[in-house]
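Here is the structure we will look at.
Protein chains: 2
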Amino acid sequence: MANYSMKNRGSRTIYEYLYECIREDILSGKLHAGEQLASKRTLARDLNISVTSVENAYAQLVLEGYIHGETGRGFFVNDLIEPVPVRESARPFKPNILRQPEATAPEHILDFKANRSSVKNFPFATWSRLMRNVLSERNAAILGTVPYNGLFELRSALSAYLYRHRGIEADPEQIIIGAGTEYLYSRLLQVLGFNTIIAMEDPGYKKFSEISASQGTVWDYIPMDDEGMRIDYLKNSSANVIHVSPSNHFPTGTVMPITRRLQLLQWAREKPERYIIEDDYDSELRYAGRVIPPMYAIDEDAKVIYMNTFSKSLVPSIRISYMILPPYLLERYQDTMSFYSCTVSAFEQLTLAHFISEGYFSRHINRMKQIYKQKRDLVLNALKESDLHQISEIREANAGTHFLLHVNTSLTDKQIKAKAEEQRIELALLSDYTTHQGIKSMGTLIINYAGLEPDQVGLAIEIIEQVFKDDIAKAKSKPTF
Amino acid sequence: MANYSMKNRGSRTIYEYLYECIREDILSGKLHAGEQLASKRTLARDLNISVTSVENAYAQLVLEGYIHGETGRGFFVNDLIEPVPVRESARPFKPNILRQPEATAPEHILDFKANRSSVKNFPFATWSRLMRNVLSERNAAILGTVPYNGLFELRSALSAYLYRHRGIEADPEQIIIGAGTEYLYSRLLQVLGFNTIIAMEDPGYKKFSEISASQGTVWDYIPMDDEGMRIDYLKNSSANVIHVSPSNHFPTGTVMPITRRLQLLQWAREKPERYIIEDDYDSELRYAGRVIPPMYAIDEDAKVIYMNTFSKSLVPSIRISYMILPPYLLERYQDTMSFYSCTVSAFEQLTLAHFISEGYFSRHINRMKQIYKQKRDLVLNALKESDLHQISEIREANAGTHFLLHVNTSLTDKQIKAKAEEQRIELALLSDYTTHQGIKSMGTLIINYAGLEPDQVGLAIEIIEQVFKDDIAKAKSKPTF
Chain V
2 MANYSMKNRG
12 SRTIYEYLYE
22 CIREDILSGK
32 LHAGEQLASK
42 RTLARDLNIS
52 VTSVENAYAQ
62 LVLEGYIHGE
72 TGRGFFVNDL
82 IEPVPVRESA
92 RPFKPNILRQ
102 PEATAPEHIL
112 DFKANRSSVK
122 NFPFATWSRL
132 MRNVLSERNA
142 AILGTVPYNG
152 LFELRSALSA
162 YLYRHRGIEA
172 DPEQIIIGAG
182 TEYLYSRLLQ
192 VLGFNTIIAM
202 EDPGYKKFSE
212 ISASQGTVWD
222 YIPMDDEGMR
232 IDYLKNSSAN
242 VIHVSPSNHF
252 PTGTVMPITR
262 RLQLLQWARE
272 KPERYIIEDD
282 YDSELRYAGR
292 VIPPMYAIDE
302 DAKVIYMNTF
312 SKSLVPSIRI
322 SYMILPPYLL
332 ERYQDTMSFY
342 SCTVSAFEQL
352 TLAHFISEGY
362 FSRHINRMKQ
372 IYKQKRDLVL
382 NALKESDLHQ
392 ISEIREANAG
402 THFLLHVNTS
412 LTDKQIKAKA
422 EEQRIELALL
432 SDYTTHQGIK
442 SMGTLIINYA
452 GLEPDQVGLA
462 IEIIEQVFKD
472 DIAKAKSKPT
482 F
Chain W
2 MANYSMKNRG
12 SRTIYEYLYE
22 CIREDILSGK
32 LHAGEQLASK
42 RTLARDLNIS
52 VTSVENAYAQ
62 LVLEGYIHGE
72 TGRGFFVNDL
82 IEPVPVRESA
92 RPFKPNILRQ
102 PEATAPEHIL
112 DFKANRSSVK
122 NFPFATWSRL
132 MRNVLSERNA
142 AILGTVPYNG
152 LFELRSALSA
162 YLYRHRGIEA
172 DPEQIIIGAG
182 TEYLYSRLLQ
192 VLGFNTIIAM
202 EDPGYKKFSE
212 ISASQGTVWD
222 YIPMDDEGMR
232 IDYLKNSSAN
242 VIHVSPSNHF
252 PTGTVMPITR
262 RLQLLQWARE
272 KPERYIIEDD
282 YDSELRYAGR
292 VIPPMYAIDE
302 DAKVIYMNTF
312 SKSLVPSIRI
322 SYMILPPYLL
332 ERYQDTMSFY
342 SCTVSAFEQL
352 TLAHFISEGY
362 FSRHINRMKQ
372 IYKQKRDLVL
382 NALKESDLHQ
392 ISEIREANAG
402 THFLLHVNTS
412 LTDKQIKAKA
422 EEQRIELALL
432 SDYTTHQGIK
442 SMGTLIINYA
452 GLEPDQVGLA
462 IEIIEQVFKD
472 DIAKAKSKPT
482 F
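Have a look at this one:
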């Protein structure tokens, strides 16, 4: 053996190269189990290298279990169950096994489906200034460890903000910070336990049922009427936890009236294990009248779990959400979930804390309200002036970043989608979000205008007109008295 | 009615104040169900305010469902099931219900338990410079949406780094970025499915069994021998997925020899649903010989799931970890988990991508290796010179940031802990991490030196001497031949 040419060792140290040569011979079977290796001295002499190099190489091979030493007798190759290729010749990666290429830009010229906030309105200058301050001033805080529920600084800033702007009285201790509502919702399901059955709004935000499914949590779809989740269906279901967005239902935009809210709270009061998850997402974007106070603020019995996110109100790539737990669930969370480390970096928590407590956040919300309202008005006016006007009806345009456009059409929702694809636009339909295909949901478009730029509006309307041109033609041909 | 004094409205607009007064009267029962409200004109005149203000207040009350209008007849109070306190007088928060005060500094003067990296060695200047560059140059990327598996830029930087430094061939597509190993592990359990039974190392890293429990996943503890998880116990268990840290086992520090690695790989090969989760945490901190190549690099059958984190190698408050999925599991992940948004903010992903691809990360690792090695040597030398030397034995000191100190003591582990508490130090014992109290684990201390400052070492040893002073005295009293 030992005809290893030191010429090929490249940048590796002598001992490292020798180690690799011997390992390769063992793995490839050239050196077989039980075979004795040359003594350190012999090998050093043969290869004209130092004994120490050989010693180090042998030590590494022993450490990794390729060889073993027998006192007085020398070193022997271990019995590996079978030869395997060495690291260098490890299996080449087979990309063909993989589907789904890296994310590519959507080919659609317009996307009414993506409910994304217009990123360019994010107060980036302010945000990065705060980041810089945090970077230069809060060194220790950035590097310190973060409690399971997030930094106190952020939780207390939130607590103060929620009291002032949402009428919510929550101790910072009740607030749990997490990397996105989805994450918090997963944890919450674990706290609620495996016997939980969730009542989901139908139509509603699909993602929560997907998460429940992936967590093995059972749920019921409860139909909605104009006031929200139907109590009669709820009472007939075996659900013990409700998931609702009462201030701005997705996707219909319905505001749940006080009567229905009180009915749901009463339902929750009837049994100890009953709770209400209030998703307050986008609730501050209301263009007519006051912002609707959350259910949490009128809940006397600690039955409401409040959830909200900054990923929508600031920008999607900032993953910070929070939930407020009623004391009993909080204790359970502390007992069963507090071993999970907080998922949001200290750095961004501190930046957000300053952003809120220095008043930038509420200013940003007010600004976005104006911007979205203008966009909405642009779209609504364009619609009124378009041929779509006479065959359609607008619903729930006073909140959030979308409204419903119900079209009297002879097309099925499937046909509408197909025609939209022909026009290379992505359309969202109410029926996408409902399981029982009620007549009310058919032919109802969800117009998300958040990401729409003013100069796109005209084009947008034209394209939708194209989709429904037959219906428009029919409507026009009708004699008008 | 209508004796609302406009003096008290404070900063609120007239309509808003009127809305609140009427709502309060309805909720308190002063205005009862069915009662008719004054006409807009009358009320406007009585209160000497504009009709528009009354209209707006009524509109808001209608929107929120407190009143309803009957065409031609006016507005009437709705029948709420019961009066509830209004927002302003919502239930006061009861802090006494809450346990657990906000995180306070530990009273211990020394903590051998916390396995935390010494934060002050974090290359903060470099990191914040990169952050600033990202802030000023990568505006669009920071605000853009992030794919479920993380930004391609970070995944490809990782892919290149892993190939160069760990001999791992992984396509960026196989890498999933997440906010901490705990998070990724939760998701992974979901992908593996509810019939999964995990084989955990005993002793081992407790957190993974806690996570499994909270996810409802079953696991078996498999005893370790000096080479790692025992194959015979594994084969007798019904586990189909192994969780191991072969390159640097926690807490023993054992390096799994190639033989055992091949045996585990062979075990996995025997059935399609079998997998190995390789936790490669701290594997690069090896002070004698080469870094041990991971099992992933010798796995021919796509059976190994590779996991690692930056929270330990950089700083705990940066929550970025990753896992590499074999193609089959990757497809399943894409099918069932890709609806979950990535939990790490784009901003920190970009910063880390630059930190890795510009070579700062590997430089940082090498630097930490030196620093930890120096700390280790300090502690080892101090031990050798101390009275503890003659009653103790050091194990597995060549990797990671801790070693084992086995003390020949008459004290039980319980007594050791008690005595340590008296001395106000936090001690970790091997038996804390094992379920079967084998003789080997008794009297074995885990000395985490990562967070220990040089000037603390002397004190540290003295205190441990105090804990075992009786044993030391006994040893000294023995006649030495």
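Protein sequence lines correspond, in order, to chains V and W.
Quick note, this note's numbering runs 1 ahead of the 1-based positions in the first sequence.
Quick note, this note's numbering runs 1 ahead of the 1-based positions in the second sequence.
Just so you know, even glycine gets a beta-carbon here, dropped at the ideal spot from N, CA and C.
What you are looking at is a predicted structure, and each value in this text was computed from that prediction instead of being measured.
(1) Which chain W residues are close to Met369(V), counting only those with a beta carbon under 8 Å from its beta carbon?
(2) Can you tell me whether Ser12(V) is buried or exposed? The criterion is at least 16 other CB atoms within 10 Å of its CB, across all chains shown.
(3) Once the 5 residues before and after Ala347(V) are set aside, which same chain residues still bring their CB inside 8 Å of it?
(4) Quick one: does Val85(W) have its CB under 8 Å from some CB of chain V?
(5) From the DSSP output, in three-state form, read off Gly11(V) for me.
(6) With 8 Å as the threshold, decide whether the Cβ of Glu183(V) is near any Cβ in chain W.
(7) Tell me, please, whether the CB atom of Val242(V) is closer than 8 Å to any CB atom in chain B?
(8) At a Cβ threshold of 8 Å, is Lys418(W) touching chain V?
(9) Given that a residue counts as buried once 16 or more other Cβ atoms are within 10 Å of its Cβ, and exposed if not, what is Asn9(W)?
(10) Could you list the residues in the stretch 139 to 152 of chain V with a C-beta less than 8 Å from some C-beta on chain W, going in chain order?
(11) Can you name the start and end residues of the alpha helix (DSSP H) that Thr53(V) belongs to?
(12) Would DSSP call Gln424(V) helix, strand or coil?
(13) Can you look up Val256(W) in the DSSP assignment and give me helix, strand or coil?
(14) How many whole angstroms separate the CB atoms of Ser312(W) and Ser284(W), which I take to be in contact at a CB cut-off of 8 Å?
(15) Assuming Ala171(W) contacts Ser160(W) (C-beta within less than 8 Å), just tell me the rounded distance between them.
(16) Roughly how many angstroms lie between the CA atoms of Ala476(V) and Phe469(V), to the nearest whole one?
(17) Since Ile464(V) is in the alpha helix (DSSP H), which residue starts that stretch and which ends it?
(18) For Arg24(W), name the three-state secondary structure that DSSP assigns.
(19) Indicate whether His407(W) and Thr445(W) have their beta-carbon atoms separated by less than 8 Å.
(20) Tell whether a beta-carbon distance below 8 Å holds between Pro258(V) and Gly30(W).
(21) Could you check how far apart the C-beta atoms of Arg320(V) and Gly452(V) are, in whole angstroms? I think they sit under 8 Å.
(22) When you check each C-beta in the stretch 276 to 304 of chain W against every C-beta of chain V, which residues fall closer than 7 Å?
(23) Pick helix, strand or coil for Thr182(V), following the three-state DSSP scheme.
(24) With H, G and I counted as helix, E and B as strand and the rest as coil, what does DSSP make of Ala347(W)?
(25) If you follow the alpha helix (DSSP H) that Ser322(W) is part of, which residue opens it and which one closes it?
(26) Less than 8 Å between the CB atoms is what I'm expecting for Ala383(V) and Gly459(V), so what's the real figure, rounded?
(27) Taking the alpha-carbon positions, what's the Pro102(W) to Gly70(W) distance?
(28) How big is the Cα-Cα spacing for Arg261(V) and Gly229(V)?
(29) Please classify Asp302(W): does DSSP put it in a helix, a strand, or coil?
(30) So is Lys415(W) buried or exposed if we call it buried at 16+ other beta carbons inside 10 Å?
(31) How big is the Cα-Cα spacing for Ile169(V) and Ile299(V)?
(32) Please determine, among Glu25(V), Lys121(V) and Gln37(V), the residue with the shortest C-alpha to C-alpha distance to His365(V).
(33) Helix, strand or coil for Ile177(W) per DSSP?
(34) What residues in its chain sit with their C-beta under 7 Å from that of Ala214(W), if we drop five residues either side in the sequence?
(35) Would you identify the three-state DSSP class for Met369(W), choosing helix, strand or coil?
(36) Rounded to a whole number of angstroms, what is the C-alpha to C-alpha distance between Ile372(V) and Asn241(W)?
Based on what the coordinates show:
(1) Chain W residues near Met369(V): none, gap ~14 Å exceeds 8 Å.
(2) exposed
(3) Ala142, Ile143, Leu144, Gly145, Val147 and Leu152
(4) Bear in mind that a pLDDT of 41 at Val85(W), under 50, signals an unreliable position, so the model cannot answer this.
(5) coil
(6) yes
(7) The structure shown contains no chain B; the protein chains it does contain are V and W.
(8) no
(9) exposed
(10) Asn140, Ile143, Leu144, Gly145, Thr146, Val147 and Pro148
(11) Val52 to Leu64
(12) coil
(13) coil
(14) About 15 Å; that fails the 8 Å criterion.
(15) 6 Å
(16) 11 Å
(17) Val458 to Val468
(18) helix
(19) yes
(20) no
(21) With 8 Å as the limit, Arg320(V) and Gly452(V) do not qualify as a contact, their Cβ atoms being about 19 Å apart.
(22) Gly290, Arg291, Ile293, Pro294, Ala298, Ile299 and Glu301
(23) helix
(24) helix
(25) Not the alpha helix (DSSP H): Ser322(W) falls in the beta strand (DSSP E), residues Ser322 to Ile325.
(26) 7 Å
(27) Unreliable positioning characterises Pro102(W) in this predicted model, as indicated by a pLDDT of 39, which lies under 50. The coordinate reading is nonetheless provided below. If you take the alpha carbons of Pro102(W) and Gly70(W), they lie about 51 Å apart.
(28) 7 Å
(29) coil
(30) exposed
(31) 9 Å
(32) Lys121(V)
(33) strand
(34) none
(35) helix
(36) 55 Å
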